[in-house]
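Below is one structure; the comments refer to it alone.
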Amino acid sequence: MRDAEPKAIHLSDYRAPDWLVDKVDLDFSLHPSQTRVTSKLSLRRNPAGAPGAPVVLDGDGLTLVRLAIDGKPLAGPSFEATPDRLTLAHPPADAFVLEVETLVDPTANTQLMGLYRTSSNYCTQCEPEGFRRITYYPDRPDVLSVFTTRVEADEAEAPVLLGNGNLVESGKVDGTSRHYAVWHDPWPKPSYLFALVGGRLAKISDSFLTRSGREVELGIYVEHGKEARAGYAMDALKRSMRWDEEAFGREYDLDVFNIVAVSDFNMGAMENKGLNVFNDKYVLATPETATDADYTGIEGVIAHEYFHNWTGNRITCRDWFQLCLKEGLTVFRDQEFSSDERSRPVKRIADVRALKAAQFTEDQGPLAHPVRPETYREINNFYTATVYEKGAEVVRMLKTLLGEAGFRAGMDLYFERHDGDAATIEDFVASFADATGRDLSQFALWYAQSGTPVLTVSGAWDAEAGTYRLDVAQEVPPTPGQPTKKPMLIPLALGLVGPDGRDQPLTLGNVPVGNGVVEVSEARQSFLFTGLDARPVPSLNRGFSAPVNLVSDLTEQDRVFLAAHDADPFNRFDAIQRIALEMLKTGARTGSLPATEALVTAARAILADTTLDAAFKAQALALPGEGEVARELAKDVDPDAVFAARKALRIAVGTALEGAFATTYSAMAATGPFSPDAASAGRRALRNLSLDFLAVTGSAEGIARAKAQFEAADNMTDRITALAVLTQHEVPEREAALKAFYDRFERDALVIDKWFTLQAQIAAPGTLDRIKDLMLHPAFSLGNPNRVRSLVGAFAATNTTQFNRADGAGHDFVTDVVLTLDGKNPQVAARLLASFKTFRQLEPVRRASAERALRKVAETPGLSPDVADIATRALG
Ligand code: ARG
Ligand code: ZN
597 MRDAEPKAIH LSDYRAPDWL VDKVDLDFSL HPSQTRVTSK LSLRRNPAGA
647 PGAPVVLDGD GLTLVRLAID GKPLAGPSFE ATPDRLTLAH PPADAFVLEV
697 ETLVDPTANT QLMGLYRTSS NYCTQCEPEG FRRITYYPDR PDVLSVFTTR
747 VEADEAEAPV LLGNGNLVES GKVDGTSRHY AVWHDPWPKP SYLFALVGGR
797 LAKISDSFLT RSGREVELGI YVEHGKEARA GYAMDALKRS MRWDEEAFGR
847 EYDLDVFNIV AVSDFNMGAM ENKGLNVFND KYVLATPETA TDADYTGIEG
897 VIAHEYFHNW TGNRITCRDW FQLCLKEGLT VFRDQEFSSD ERSRPVKRIA
947 DVRALKAAQF TEDQGPLAHP VRPETYREIN NFYTATVYEK GAEVVRMLKT
997 LLGEAGFRAG MDLYFERHDG DAATIEDFVA SFADATGRDL SQFALWYAQS
1047 GTPVLTVSGA WDAEAGTYRL DVAQEVPPTP GQPTKKPMLI PLALGLVGPD
1097 GRDQPLTLGN VPVGNGVVEV SEARQSFLFT GLDARPVPSL NRGFSAPVNL
1147 VSDLTEQDRV FLAAHDADPF NRFDAIQRIA LEMLKTGART GSLPATEALV
1197 TAARAILADT TLDAAFKAQA LALPGEGEVA RELAKDVDPD AVFAARKALR
1247 IAVGTALEGA FATTYSAMAA TGPFSPDAAS AGRRALRNLS LDFLAVTGSA
1297 EGIARAKAQF EAADNMTDRI TALAVLTQHE VPEREAALKA FYDRFERDAL
1347 VIDKWFTLQA QIAAPGTLDR IKDLMLHPAF SLGNPNRVRS LVGAFAATNT
1397 TQFNRADGAG HDFVTDVVLT LDGKNPQVAA RLLASFKTFR QLEPVRRASA
1447 ERALRKVAET PGLSPDVADI ATRALG
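This note's numbering puts the first residue of the sequence shown at 597, with every later residue one more than the last.
Shown next as structure tokens:
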């Protein structure tokens, strides 16, 4: 473990590295508890560094065996080695080869950073600071080097040996049971992109011909017996490779691209050069074991990691403050890929739902931070929705402002200028400014100012003049460390919808707004639209063109109109959601729902609209979640009241539209064998949404329908949604179905995760005890991140009533798990603790309980830096 009280690191303190590494030769002799790592660093003094600076290499818990300089062993006072640092105060020359031998214990590595074991295989995770747990190294992203890696292992224990780049040599080690492989990566890279894998793995192979004629060998490695489950991932990989050539002109640059699926992984996946390592959740799928959401997740994450080859690897980050340079941009790219592969509006709706649920919530609480933070204590805690998802929104706004051609010109210039660099956000923004001639200095505030802007909009119709004036005010609320803000540049896409439901001309003064986007840049601003025949209803922030909270003077009637007629599908969705949200807020505040006819009318119209696809309807009709209602209420939230309001509204809609839902349920039945494509998935989504509404009262008929679907399902989507419906009701069918599900899938850990999650989400007082029992279940393990997330993580993140029990038992339970887990895996523990980020919006009793639980964590001695950082900032 590192220093208990890590120092804050500031962006403004950035200094170029004092020493560079021209090349590095690594030799790993794999052993379960004593892996020997020999590294030969060709060090060279950086002319841009501090003159005469010592060599200081990072380490983390390392055991040094041997040191040599230019082949001569080094001893005594010429160096100083601690587990966390190796210092040569007086380097012998301005360029020399330093040889370092360390011993590491992969079996004891429960943090899953550095070299560790998973299902008895060896693998690595180095981003952001894991390489220093393998050997001493300038472990920072702006030191790029050419890596050659020799891996040696017992052949029976690890028949497969993989590294970055291309395989250059392999063979047996004479007279032993061991063998080796040598991998060479010609592309200079930072240490965080290093990877190695060794173990007993099965391979599925394919190939890809790049547009300039390079034949790339593709491999996906999985546990033996799971080969048949990797087909969809391979298909997604090939589609990603083609898409990046077509959409961004980016071609793959090695002869091999390998993916390895492992079952113990802290995050989703990792873009190591030529050797991506994946959480197996984002690789393995069959219709029987994976839901439609799993398939889209696999497609998105495979694409994401592949796209990093250009946005992340060929151009990397100068320092970790620039994390969004690769992550925000790469999320944007994977979102665009999925939009092109599936339905663009439905993908946008899903992305915005996820953005609001995770990022808007983060922005509204004590963990808010800018897309590019300026200070951190533990960088692992900044792999956040703000860096990733808001980072992607910023890139999307850039595209909206510059247009398709301007955006592409900026991207091309960025690749041209910075290929091979460790770059900054300034470099990125300058590429767009220079390619288009546009001043982007105000736009760059999106990277620096945290908090979700509030855009307050009202309209004034002048019938005589035929004009409509839109008055816009913007305000960015205060966030930690940022009490006051400057106005932002906000691209506001809009339309003026006429009484016939069609867009009226959008003319400012007498200039047509060609792209449908006005630019809000001041604190208060008015836009006068002319040449209108009738009072329009404004359709604002179309496509969610800017990640803002919009407050408008639209009436419920205006929204019913937009839900039925808006030419922008996103805003049809948004209109109906807003109608529901206002009802839910009133219901939660007053304890009784207002009249619900408007929602029923809008929902009926959407359900009956034959021009809309099923996936869209399913999104539009799924009511806003409890989390979104709580975030909108913003203070004194009683989660029980929110839950009750939502339940009442579901019953109201389900009852009023029972006939329509029953018809839809039958109409959306499968017509052929299972296929994960978007259209089929959309039909399943709408059918399952109907099932949920039909069973919402817990009527015998509804439960029977869910039970029948559960038993007859030929795919996981239908089976798990039926089971989810059953688990929401306290009926005997629930426990029977849970047992049947377990018996059927008990050998399949990823499926059992779904079983854990459903039980963690039951909104009833018995849930906490159920979870405590499940933690003792043989299928559960605190050592496996997927298990922890599916049970305890799902509870804390989504079971708003039970996590926030008024007696505090939910809070205490989660912090107890955090403290136990911290000794094993601080990253996963810290992420779990971050579910307290919304505690300040709770009503006083629950708020006090959460605060007590957080204080108890903060006061516990010996915390990891990860957990200490979250506890401190959450209490802020
Ligand atoms: N770069 C990876 C991705 O976005 C995430 C790795 C983060 N890992 C970590 N331990 N913080 O695809
Ligand atoms: Zn990424």
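Cβ coordinates follow ideal geometry from the N, Cα and C atoms, glycine included. Note that the structure is a prediction, hence the values are computed from the model and not measured.
| said: Could you pull the DSSP bridge partners for F853 from this structure? | reply: L814
- Specify the secondary structure class of M866 as computed by DSSP and reduced to three states. strand
So what's R1174 in DSSP terms, helix, strand or just coil?
helix
Can you tell me where the beta strand (DSSP E) with N762 in it begins and where it stops?
762-768
Kindly indicate which residue of V620, C722, D618, D735 has the alpha-carbon position closest to the one of V652. D735
**Message:** Quick check: what's the CA-CA separation for R598 versus S1037?
**Reply:** Note that R598 has pLDDT 44, beneath the 50 cutoff, so the model's placement of it is unreliable and no number is given.
- Query: Roughly how many angstroms lie between the CA atoms of R662 and T698, to the nearest whole one?
  - Reply: 7 Å
*Could you check the C-alpha separation between R968 and A1275 for me, to the nearest Å?*
37 Å
- Message: Taking contact to mean 3 or more Cβ pairs, one atom from each stretch, closer than 8 Å, check whether the region 1227-1237 and the region 1172-1191 are in contact.
- Response: yes
Legend entry - Own chain partners of W916 with C-beta closer than 6 Å, once the 5 adjacent residues on each side are dropped: P724, I975
Checklist entry - Assuming G1362 contacts H1325 under a Cβ cut-off of 8 Å, what Cβ separation, rounded to an integer in Å, is found between them? => result Not confirmed; about 13 Å, so no contact.
How big is the Cα-Cα spacing for S638 and D618?
5 Å
inquiry  = Nearest by alpha-carbon distance to E695: which of N705, D770, G726, Y733 is it?
reply    = Y733
**Item:** Given L925 as reference, the closest of H606, P1073, N909, R1246 once Cα atoms are compared
**Value:** N909
*Check each residue's C-beta against every heavy atom of ligand 2 and list, in chain order, those closer than 6 Å.*
H900, H904, E923, T926
- Task: Please classify T906: does DSSP put it in a helix, a strand, or coil?
- Result: Note that residue 906 is Trp in the sequence shown, not Thr. The answer is coil: DSSP assigns W906 none of H, G, I, E or B.
request  = Compare the beta carbon distance of N1137 and L1124 with 9 Å and say whether it is the shorter of the two.
outcome  = no
Legend entry - Anticipated Cβ contact below 8 Å, T703 with S625, distance rounded: In fact, because the Cβ distance is near 15 Å, the residues do not count as touching under 8 Å.
Check each candidate in G1406, T1186, Y610, A1191 and name the one with the smallest Cα separation from Q1153.
A1191
Ranges of the beta strand (DSSP E) found wholly within the region 1100-1153, counting only runs of at least 3 = 1113-1116, 1120-1125, 1133-1136, 1145-1148
| said: Mapping the DSSP letters down to three states, classify H1014 as helix, strand or coil. | reply: helix
Any chance you could list the beta strand (DSSP E) runs of at least 3 consecutive residues sitting entirely within the region 666-753, in chain order?
676-678, 681-684, 691-700, 710-714, 717-721, 741-750
Notebook entry, point to check: When you compare only the Cα positions, how much space is there between Y1338 and W1351?
Noted result: 7 Å
Residues of its chain near A1198, where Cβ-Cβ distance is below 8 Å and the 5 sequence neighbours each way are ignored | R1155, V1156, A1159, A1160, A1171, I1172, I1175
Same chain, Cβ closer than 7 Å to D1096, five either side skipped, listed in chain order:
none
Is the separation between the beta-carbon of L757 and that of I730 shorter than 9 Å? no
Any idea if K1335 is buried or exposed, counting beta-carbon neighbours within 10 angstroms, 16 or more meaning buried?
-> exposed
Note to self: Quick check on DSSP: helix, strand or coil for H900?
What the structure shows: helix
| message | Which of the three DSSP states is assigned to E823 in this structure? | response | helix
From this set, V1233, Y776, L919, which residue's C-alpha is nearest A981's C-alpha?
L919
Among the candidates A1296, Q1355, Q1121, whose CA atom is the shortest distance from the CA of T1317?
Q1355
Buried versus exposed, by CB contacts within 10 Å (16 or more), D1403
exposed
(Q) Taking 8 Å as the cut-off, is the C-beta of G864 nearer than that to any heavy atom in ligand 1? (A) yes
- At what residues does the alpha helix (DSSP H) containing S1054 begin and finish? Unbroken run through S1054 is the beta strand (DSSP E), 1050-1058; no alpha helix (DSSP H).
Q.
Given the structure, does E867 come close to ligand 1, in the sense that its CB is under 8 Å from one of the ligand's heavy atoms?
A. yes
- Query: Between which two residues does the alpha helix (DSSP H) carrying W1042 extend?
  - Reply: 1041-1044
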